[in-house]
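First the structure, in the form of structure tokens, and then the observations on it.
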Amino acid sequence: MTKTNTEDYLRMYRQMVRIRTFEDHANQLYLSARMPGLTHMYSGQEAVAVGICEALTDDDKITSTHRGHGHCVAKGAEFSQMFCELLGKEEGYCRGKGGSMHIADQSHGNLGANAIVGGSMGIATGSALRAKLQGSDDVTVCFFGDGATAQGLLYEVMNMASLWKLPVIYACENNGYSEYTKTAEIAAGSITARAEAFGIEAHQVDGQDVLAVNGLTQKLVARARKGEGPFFLELMTYRYHGHHVGDINRGYYRDKAEEQEWKDNRDPITLFRAWLLDQGIASEDEIAAMTAEIEQDAAAAVAHAEAAPYPDTAEVDMHVYAG
Amino acid sequence: MREITLSQAVNEAIAEEMRRDETVFLLGEDVAEAGTPFKVLSGLVEEFGTTRVIDTPIAEPGFMGLAVGAAMTGARPIVDLMFGDFLFLVMDQLCNQAAKIHYMSGGKLKVPLVLRTNLGATRRSAAQHSQSLQALVAHVPGLKVALPSSAYEAKGLMKTAIRDNNPVVIFEDKLMYQDKAPVPEEEYLIPFGVANVRREGSDITLIATSSMVQVAEKAAEILAAEGIEAEVIDPRTLVPLDEATLVASVKKTSRAIVLDEGHQSYGVTSEIASRLNEQAFYHLDAPVLRMGAMDVPVPFSPALEDLTVPTPEGVAARARKLCSGDLIHAA
């Protein structure tokens, strides 16, 4: 076992724990009625966002979804500005104008979450078109769920991406559910075959295995930079919570035994932690210290966000038009 | 001054801006070698190549979405939407994405794109190729909307649109592509939000957009022969709207008719009439009238289609009644 990648492994673990911790706090904010609106938890899918974003640089772009906190953290965002945005505060990434479903963090290449299912597929592909036209070597990753494969836009943009060999990677997170409906009931045939029909190389990968996701993504990103794109990934994963935080009584579409099975045996953080310990990359104490530090960061960020000011009312009609 | 067609004016504006700024590019259906069905873009692919004049598949939401993403990341796309009617196909990408991204991101992201499309009936193209849908996009905050009424406006407004940092929708009147107007050789831009008083008058104000400007001017000539002096104003952009010029004119004349080729109900004419009522009520001697297209899908048969849009004679008749005090409650 070579240790040269130790820092990378620890950073990946850290980022996965940061996502889980962020979501636990966001969920608590909702449950205790301290957060306006609602939100969609990414818990359970951390290996997807982290495995992919760790293969990208700040110049590379992503587009995200309504279930987007994980992508945002993985692409480099800070807890404090994220919690501020969730609470509609001025210090938030979007000055409180976007909220949970619209966080954008341009400085790290996050072009924003999108509350229209499948709504960012054009944006991601257009970012890749711009890269090609301007001779830039950045790659754009388009995150979307299995539910979004039912949107026609995906097929229009995959067609153009393939025709023009654009540096875009379509990352379909198949968490088994399209809102409150099993994926099998909304998606006919194979998901990867949809991409293959356009001549796009497609891979199905275990979305709970951060190293598998990261290893494959690194290869595809390198190839996309050389003009060999686009690519399509179907990442098999699972969301622990309901469609949104208020979706508590979900026995009518999903049973508790299934949820427990994924949490007990397929949890991406537990699995990677065991591997880190087994490989001697980190000790129990080191991991416990890291976890505690992240928890402390999150708690401090929540406290900061709760105390932070709302935007001035004069901001309501600011930013409708750019100067 | 030389005279060129509206089609040539649009072509010149785009070519000049593409020479000036290499981030500007065109995409849409049959924009390259075909130069669009109206031949407005002929010659551009020869100068700028297929990397900057991009033929897309027939996938309006798809290429509209691509333009949004390209604009957000440093390019200035011009999207060619072959018929204004296809706006209904791109509504999510235009109105939920492009229009809102700057605001939703707290001012961090910008979407500098131009969507050029057209309006106008009486081309015998029936209900899905004849609509004038400017009210639809003017309703959505975050979009700017320009309506050139001649070759001169078409060039100046297009150049301004391409340099604007927001999504701008430009509607060209598809029946006006071959109409010539004086257009200077030297460069000029027409700022958004500045109405053009095309004819001065003291008895009634005719506020008209795009295709309706010619109709209003002809109506004004008919009225002038009868001793009624009509002022004709072209707002040129709906968003932003030069309210001050419109209100000042109506305060002067005390009567107004608002003309636009979109459907009359819930439309551009309704919005402008409301603003005049709110801001010039005590100066009005008669209700502000709206004259838009009939609230019917555009019919194919020439015998029917010609009934659906305002005519100079129709406008003159309404204006005559307003000025004589006959028509207090508009039909």
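Heads up: the sequence lines are chains A and B, in that order. Counting the first sequence from 1 gives a position; this note's numbering is that position plus 113. Counting the second sequence from 1 gives a position; this note's numbering is that position plus 908. Note that the Cβ used here is the ideal one computed from N, Cα and C, for glycine as well.
Residue i burial status per 10 Å Cβ neighbour count (16 or more: buried)
i: residue 1173/B; result: exposed
i: residue 891/B; result: Since the displayed chain B opens at 909 and closes at 1239, residue 891/B lies outside it and no answer follows.
i: residue 315/A; result: buried
i: residue 1197/B; result: buried
i: residue 852/B; result: It is not possible to answer for residue 852/B, since the shown part of chain B is limited to 909 through 1239.
i: residue 914/B; result: buried
i: residue 1212/B; result: exposed
i: residue 929/B; result: exposed
i: residue 1086/B; result: exposed
i: residue 909/B; result: exposed
i: residue 406/A; result: exposed
i: residue 1176/B; result: buried
i: residue 365/A; result: exposed
i: residue 1020/B; result: buried
i: residue 341/A; result: exposed
i: residue 1062/B; result: buried
i: residue 1234/B; result: exposed
i: residue 147/A; result: exposed
i: residue 937/B; result: buried
i: residue 362/A; result: exposed
Cut-off 7 Å between Cβ atoms - residues of its own chain near residue i, not counting five sequence neighbours on either side
i: residue 270/A; result: 234, 235 and 238
i: residue 926/B; result: 932, 956 and 960
i: residue 1031/B; result: 1038, 1082 and 1083
i: residue 198/A; result: 205, 206, 207, 209, 211, 212 and 216
i: residue 326/A; result: 160, 161, 164, 165, 318, 320 and 348
i: residue 404/A; result: 130
i: residue 350/A; result: 157, 158, 161, 286, 287, 288, 320 and 321
i: residue 338/A; result: 250, 252 and 280
i: residue 308/A; result: 271, 283, 315 and 345
i: residue 1210/B; result: 1032
i: residue 1238/B; result: With a pLDDT of 49 at residue 1238/B, under the threshold of 50, the predicted position of this residue should be treated as unreliable, though the coordinate-derived value follows. Counting only Cβ-Cβ distances below 7 Å, and skipping sequence neighbours, we find 1195 and 1197.
Bounding residues of the alpha helix (DSSP H) (the contiguous stretch that carries residue i)
i: residue 429/A; result: From DSSP, residue 429/A is part of no alpha helix (DSSP H); its letter is neither H nor E.
i: residue 121/A; result: 119-144
i: residue 283/A; result: Element bounds for residue 283/A: not the alpha helix (DSSP H) but the beta strand (DSSP E), 281-287.
i: residue 385/A; result: 381-391
i: residue 317/A; result: Residue 317/A -> not in any alpha helix (DSSP H); beta strand (DSSP E) instead, spanning 314-319.
i: residue 78/A; result: Only positions 114 to 436 of chain A appear in this structure, which leaves residue 78/A out of reach.
i: residue 973/B; result: 968-980
i: residue 185/A; result: 182-187
i: residue 377/A; result: 369-378
i: residue 1129/B; result: 1119-1133
i: residue 258/A; result: Counting along the chain, residue 258/A falls outside any alpha helix (DSSP H), though it belongs to the beta strand (DSSP E) covering 253-258.
i: residue 1220/B; result: 1220-1232
i: residue 1210/B; result: 1210-1213
i: residue 245/A; result: 234-246
Proximity test, residue i beta-carbon vs the ligand MN heavy atom, cut-off 8 Å
i: residue 998/B; result: With respect to small molecules bound, the structure shown includes none, and the ligand MN cannot be examined in it.
Same chain only: Cβ atoms within 6 Å of residue i, ignoring 5 sequence neighbours per side
i: residue 166/A; result: 187 and 188
i: residue 1045/B; result: 1051, 1053 and 1077
i: residue 397/A; result: none
i: residue 295/A; result: none
i: residue 115/A; result: Residue placement at residue 115/A is poorly supported in this model, since its pLDDT is 46, which falls under 50; the coordinates still yield a value, given next. Result list for residue 115/A: empty, nothing under 6 Å.
i: residue 882/B; result: Outside the shown range of chain B (909 to 1239) lies residue 882/B, about which nothing can therefore be said.
Rounded distance between the beta-carbons of residue j and residue i, thought under 8 Å
i: residue 310/A; j: residue 281/A; result: Contact doesn't hold; Cβ gap of about 17 Å is too wide.
i: residue 1164/B; j: residue 1112/B; result: 7 Å
i: residue 182/A; j: residue 135/A; result: 6 Å
i: residue 1035/B; j: residue 1201/B; result: Contact flag wrong, Cβ pair sits at about 12 Å.
i: residue 331/A; j: residue 168/A; result: 4 Å
i: residue 259/A; j: residue 304/A; result: 7 Å
i: residue 972/B; j: residue 998/B; result: 4 Å
i: residue 394/A; j: residue 176/A; result: Contact doesn't hold; Cβ gap of about 32 Å is too wide.
Bounding residues of the beta strand (DSSP E) (the contiguous stretch that carries residue i)
i: residue 1165/B; result: 1164-1171
i: residue 345/A; result: 344-349
i: residue 933/B; result: 932-936
i: residue 1077/B; result: 1076-1081
i: residue 1138/B; result: 1138-1142
i: residue 1199/B; result: 1197-1201
i: residue 1107/B; result: 1104-1107
Own chain residues within Cβ distance below 8 Å of residue i, not counting five before or after
i: residue 432/A; result: 208 and 210
i: residue 275/A; result: 311, 312, 313 and 343
i: residue 427/A; result: none
Report yes or no: do three or more beta-carbon pairs, one from the segment 988-1005 of chain B and one from the segment 248-262 of chain A, lie closer than 8 Å?
no
Could you say if the segment 1093-1100 of chain B and the segment 1124-1136 of chain B meet the contact criterion of at least three C-beta pairs nearer than 8 Å?
no
With three or more C-beta pairs closer than 8 Å as the rule, is the segment 147-158 of chain A touching the segment 344-362 of chain A?
yes
Say whether the segment 1060-1067 of chain B touches the segment 965-984 of chain B, bearing in mind that this needs 3 or more beta-carbon pairs closer than 8 Å, one atom from each stretch.
Here the segment 1060-1067 of chain B makes no contact with the segment 965-984 of chain B; the two share fewer than three CB pairs at distances below 8 Å.
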